[in-house]
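Mapping the sequence shown onto our numbering, position 139 (from 1) lands on 139, and the numbers just tick up by one. Working notes, structure below.
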Amino acid sequence: MIKKFSFLIGVLMFGLHQGQQKKEQLQKQNAELKKQIAQINTDLAKTRSESKLSISYLTSVNQKLVLREKVYNNTQKEKRFIEDDIYLRQLEINRQNKELAVLRKNYAEVLVNAYKNKGVQNKVTFILSSKNLGEAIRRVQYLKQYSDYQDKKAAEISDAANQIKKSITQKQNSVKEKENLLVNQQKDLATINAERAQKEQLVADFKKNESKLTAELKQKQVQSKALEGQIRAIIAEEIRIAKAEEEARKKAEAEKIRLAKLAAEREKARIEAEAKARAEALERERRIAEAEAKRAAELAAKRAEEERKRNEEAARAEANARDEARKIAAKKASDEAAANAKVAADKLAAARAAEAALTKRKEEEKKAAESKAMTSYGVTTAAGSSFADNRGRLGYPADRAGQITHRFGRQPHPVFKNITEENNGIKISVPSGTRAKSVYPGSVSSVLANNDGTKTVIIKHGGYFTIYSNLGNVSVSKGQQVSSGTPVGTVAQDFDGAYTLDFQVWNGSTPVDPLGWISY
């Protein structure tokens with residue numbers, strides 16, 4: 001039973017260790033969330049004096065409220081981990097008390113037995129009554145082990161008592177931690193309620209000024225539509241010019257290619273004629289080599305056959321000096337014929353190799369002539385824009401981080417539900433003094449002056465365009481080449497008092513969601 005109970009306690013203590021790790025993770029998360037809340041409070045303190053009733057301010061308050069609630073929920077989880085800790089600590093204390101009681105009971109029995117046999121005389125008598133020396137030594141060892149056992153039991157009791165004290169202290173610390181957590185939780189709850197009231201008051205202020213803000217918003221939308229018309233016209237003109245330039249380039253390139261091909265064909269014809277003459281000469285050499293090789297092979301075969309016959313005749317008749325001389329002469333003639341045949345075969349192989357080399361060299365010279373002709377006439381391949389290859393990796397459009405208050409596409413207004421906004425890009429609320437910057441190398445297509453006194457910069461990146469609106473002043477000019485990160489202007493205040501950058505990305509004449517392109 002005790003073993004089962006100990007196993008259960010072990011499992012629970014393992015769970016306690018896991019809970020402790022999760023509690024530490026929650027504490028880290030809360031620390032990070034509180035940093036974010038502190039940053040939002042700092043930003044709000046700066047922007048509140050500058051903005052009236054701005055969506056960016058309301059968005060920041062909403063975000064702060066969400067973070068507060070996450071902190072509160074994490075604290076609730078942390079509290080449960082602490083409660084589990086307290087419960088498991090109490091179980092451990094109970095287990096240790098039971099073990100201590102058993103140890104004390106066993107130790108009491110040891111002490112009673114020791115008391116009954118406590119006299120030195122009894123121990124001496126116990127040893128001297130041994131039958132022999134070996135038994136006496138064993139009894140001395142037994143008495144020593146018994147004494148060590150007593151000391152060990154006393155030490156176990158002392159350690160168990162210390163462990164209980166330690167567990168009680170840890171439990172008390174957990175209780176205090178829980179009490180502190182509950183106090184902080186009440187503070188967090190009060191803060192959440194206060195900030196929720198602040199949000200409700202802010203929404204109420206929006207509602208109170210609904211007619212005025214709605215009129216300003218609609219006026220801003222009219223201005224945005226007019227600006228969109230200008231942007232579309234500029235991009236359409238850019239596309240028209242680009243198409244005309246591309247067509248002219250293609251025509252010029254086609255004419256260059258035609259002239260280059262004519263020059264290449266003439267050069268190829270010359271190379272072909274020269275190669276043909278050389279091939280005919282090589283062919284004649286090859287045929288002569290083939291004929292010589294054939295004659296040499298036939299002669300070698302004939303000499304070999306004669307030598308074979310003479311050898312047969314010499315084998316049938318007795319050899320004499322004359323036969324031996326004829327045999328040697330025949331062998332020499334056969335060897336010479338074989339050598340001549342080999343020379344002729346080598347000449348034939350060399351002739352064939354020369355023909356193959358000529359064919360290969362002819363093709364290489366023709367290719368080189370064509371390439372030279374193309375280069376001489378300036379034929380090139382146009383390189384495309386790599387803007388599209390960097391999708392999702394483009395730079396951030398401002399030199400300071402901000403908060404996205406309006407997203408791409410058609411969306412309801414966050415406060416006035418009867419108003420729908422159509423955004424061709426995103427709007428980023430940024431601190432005062434923030435500069436917009438180019439997200440990718442390109443050329444400034446246009447700098448527009450808007451009716452509300454702000455400016456818009458359009459940058460061309462091949463077939464793509466990036467647009468930076470609501471700028472107080474600009475630091476680039478039309479036709480200027482810019483790099484990634486080049487400042488294009490300073491972000492201005494919007495109609496609601498917030499500093500807002502309107503950033504757009506267009507693929508030709510079609511606006512696309514910038515969040516799919518920039519890294520942030």
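Note that CB positions come from ideal geometry on N, CA and C, so glycine has one too.
{"Check": "Reference asparagine 423, options Asp513, Ala436 and Tyr468, closest by Cα", "Outcome": "Asp513"}
{"Check": "Pick from Leu67, Leu501 and Ala356 that is closest to alanine 275, judged by C-alpha positions", "Outcome": "Ala356"}
{"Check": "Environment of lysine 309 [buried if 16+ CB atoms lie within 10 Å]", "Outcome": "exposed"}
{"Check": "C-beta atoms of leucine 515 and isoleucine 426 nearer than 8 Å", "Outcome": "yes"}
{"Check": "Inter-stretch contact (C-beta, 8 Å, three-pair minimum) for the stretch 219-233 and the stretch 448-463", "Outcome": "yes"}
{"Check": "Exposure label - arginine 95; buried when at least 16 CB within 10 Å", "Outcome": "buried"}
{"Check": "Arginine 435 - partner residues in DSSP beta bridges", "Outcome": "Thr490"}
{"Check": "6 Å Cβ shell around isoleucine 365 - same chain, five flanking residues per side excluded", "Outcome": "According to the sequence provided, residue 365 is glutamate. The question's isoleucine does not apply to it. Hits under 6 Å: Ile271."}
{"Check": "Euclidean distance between Cα positions of serine 429 and valine 203", "Outcome": "19 Å"}
{"Check": "Touch test, the stretch 296-309 against the stretch 390-405, Cβ-Cβ under 8 Å, three pairs minimum", "Outcome": "no"}
{"Check": "7 Å CB neighbourhood of serine 475 in its chain, flanking five on each side removed", "Outcome": "Pro487, Val488 and Gly489"}
{"Check": "Nearest-angstrom beta carbon gap, leucine 227 and threonine 456 [assumed within contact, 8 Å]", "Outcome": "6 Å"}
{"Check": "Distance between beta carbons of valine 439 and proline 533, contact taken as under 8 Å", "Outcome": "In this structure the chain extends from 1 to 520, so residue 533 is not present and cannot be described."}
{"Check": "Residues near glutamate 285 by beta carbon distance below 7 Å, same chain, minus five either side", "Outcome": "Ala351"}
{"Check": "Serine 167, DSSP secondary structure in three states", "Outcome": "helix"}
{"Check": "Under 8 Å between C-beta atoms of lysine 372 and aspartate 399", "Outcome": "no"}
{"Check": "Exposed unless 16 or more other CB atoms sit within 10 angstroms - verdict on glutamate 200", "Outcome": "exposed"}
{"Check": "Cβ-based burial, isoleucine 328 [other Cβ within 10 Å; buried from 16]", "Outcome": "exposed"}
{"Check": "Residue burial classification, serine 477 (beta-carbon count within 10 angstroms, cutoff 16)", "Outcome": "exposed"}
{"Check": "N-terminal and C-terminal residue of the beta strand (DSSP E) that glutamine 480 is part of", "Outcome": "It is not in any beta strand (DSSP E) - glutamine 480 carries neither H nor E in the DSSP assignment."}
{"Check": "Rounded C-alpha distance that separates glutamate 292 from alanine 345", "Outcome": "9 Å"}
{"Check": "Boundaries of the beta strand (DSSP E) in which serine 429 is found, first to last residue", "Outcome": "426-429"}
{"Check": "For serine 484, the nearest candidate out of Pro511, Ser469 and Pro441 (CA to CA)", "Outcome": "Pro441"}
{"Check": "Paired residues, beta bridge with glutamine 403 - DSSP", "Outcome": "Ser429"}
{"Check": "Exposed unless 16 or more other CB atoms sit within 10 angstroms - verdict on arginine 410", "Outcome": "exposed"}
{"Check": "C-beta contact flag for asparagine 507 and tyrosine 464 at 8 Å", "Outcome": "yes"}
{"Check": "Reduced DSSP secondary structure (H/G/I, E/B, other) of alanine 383", "Outcome": "Unreliable positioning characterises alanine 383 in this predicted model, as indicated by a pLDDT of 40, which lies under 50. A coordinate reading is not provided."}
{"Check": "Straight-line gap, arginine 287 to glutamate 247 (C-alpha atoms, nearest Å)", "Outcome": "56 Å"}
{"Check": "Test item: CB-CB of serine 509 and alanine 236 under 8 Å", "Outcome": "yes"}
{"Check": "C-alpha gap between glutamine 21 and glutamate 83, whole angstroms", "Outcome": "15 Å"}
{"Check": "Isoleucine 458, DSSP secondary structure in three states", "Outcome": "strand"}
{"Check": "Span separating the alpha-carbon of serine 432 from that of valine 61", "Outcome": "18 Å"}
{"Check": "Between the CA atoms of arginine 240 and valine 66 - distance to the nearest angstrom", "Outcome": "49 Å"}
{"Check": "Beta-carbon gap between leucine 348 and alanine 289 smaller than 8 Å", "Outcome": "yes"}
{"Check": "Inter-residue Cα distance where the pair is isoleucine 137 and isoleucine 157", "Outcome": "30 Å"}
{"Check": "Where serine 51 sits in the DSSP three-state scheme", "Outcome": "Note that serine 51 has pLDDT 49, beneath the 50 cutoff, so the model's placement of it is unreliable and the number below is only indicative. Note: serine 51 maps to coil in three-state DSSP."}
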